[in-house]
Amino acid sequence: NDGAWIDWYTDTTSKSATTGAYFGLKWDFMARAGNQDAKSAYTYLYSRYSRPYAPTSVTASALTRSTVNIAYSATNYVCATSAYVYRKNVTTGVTELLTTTAGLTSYTDTTVGAGSWQYIVKYYGPSGFSNEVTSNTINIYTVSFMSDGNIYSSSTIISGSTAVAPANPTKANYDFLGWYDGETAYN
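Plus 326 on top of the position in the sequence shown (first one is 1) and you've got our numbering.
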């Protein structure tokens, strides 16, 4: 063949407006013979070369004070072979990779502590990564009970829940009257 290779070619008439993925067939290359462009006669299904679809939703739900379930899904799992799940500290902006799981629908973070957290999920496939999708923010707080200026007890709680008061402290010649936040009695 006297044709010169030009570039990889994709049928751009079938691009999804939502995901940016291409549908239909892709040609592996274009060549030029004289003044006419010719597509190679060998075609591939789009799933071989397309990036995976991005997750359509990512939802974080605190299960306990140290466990968060991250649920994610896609309308189409074509090309996705695994999910990359990251945890982002909203306050500091630091993001860490939690897993490169083969599970394409959920992951449970059992190492979360106090802070404001978001989870970022993106799918991976033979042709690279999908776009990433970020979850809602989960807030987890540390509540400390002080006695005589020292931490008597601490607990981690999920936003919207209440802390459970520890056992009453004791001190010789004193009666414990209750827990206070400044001048306000804690109930």
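Every residue, glycine too, gets a C-beta built ideally from N, C-alpha and C. Computed from a predicted model, the values in this text were never measured in an experiment.
Measure the alpha-carbon distance for residue i versus residue j and round it to whole angstroms.
{"i": "Ala440", "j": "Leu389", "result": "14 Å"}
{"i": "Thr431", "j": "Ala380", "result": "12 Å"}
{"i": "Leu503", "j": "Lys497", "result": "12 Å"}
{"i": "Ser479", "j": "Glu509", "result": "20 Å"}
{"i": "Asn499", "j": "Phe471", "result": "21 Å"}
Excluding the 5 residues flanking residue i on each side, which residues of the same chain have their C-beta closer than 6 Å to its C-beta?
{"i": "Asn465", "result": "Ser442 and Ser485"}
{"i": "Ser481", "result": "Val469 and Ala489"}
{"i": "Asn327", "result": "At Asn327, the pLDDT of 42 sits below 50, so the modelled position is not reliable and the matter cannot be decided from this model."}
{"i": "Ala400", "result": "Tyr379, Pro381 and Thr382"}
Within 10 Å of its beta-carbon, does residue i have 16 or more other beta-carbons around it, so buried, or fewer, so exposed?
{"i": "Ile396", "result": "buried"}
{"i": "Leu423", "result": "exposed"}
{"i": "Ala409", "result": "buried"}
{"i": "Val420", "result": "exposed"}
Would the beta-carbon of residue i fall within 8 Å of that of residue j?
{"i": "Thr427", "j": "Val411", "result": "yes"}
{"i": "Tyr449", "j": "Ser456", "result": "yes"}
{"i": "Tyr512", "j": "Ala493", "result": "no"}
{"i": "Ala406", "j": "Gly454", "result": "no"}
{"i": "Pro495", "j": "Ser473", "result": "yes"}
{"i": "Val416", "j": "Thr382", "result": "no"}
{"i": "Arg413", "j": "Ile483", "result": "no"}
{"i": "Thr425", "j": "Thr393", "result": "no"}
{"i": "Val447", "j": "Tyr506", "result": "no"}
Please return the same chain residues whose Cβ sits closer than 8 Å to the Cβ of residue i, not counting the five positions on each side in sequence.
{"i": "Ala459", "result": "Sequence check: residue 459 is Val here, not Ala. Ala380, Pro381, Thr382, Ser383, Val384, Tyr398, Ile446, Val447 and Lys448."}
{"i": "Asp501", "result": "none"}
Give me, in chain order, the residues of the same chain whose beta-carbon lies closer than 7 Å to that of residue i; leave out the 5 immediate sequence neighbours on both sides.
{"i": "Thr429", "result": "The displayed chain sequence assigns Gly, not Thr, to residue 429. Hits under 7 Å: Ala409."}
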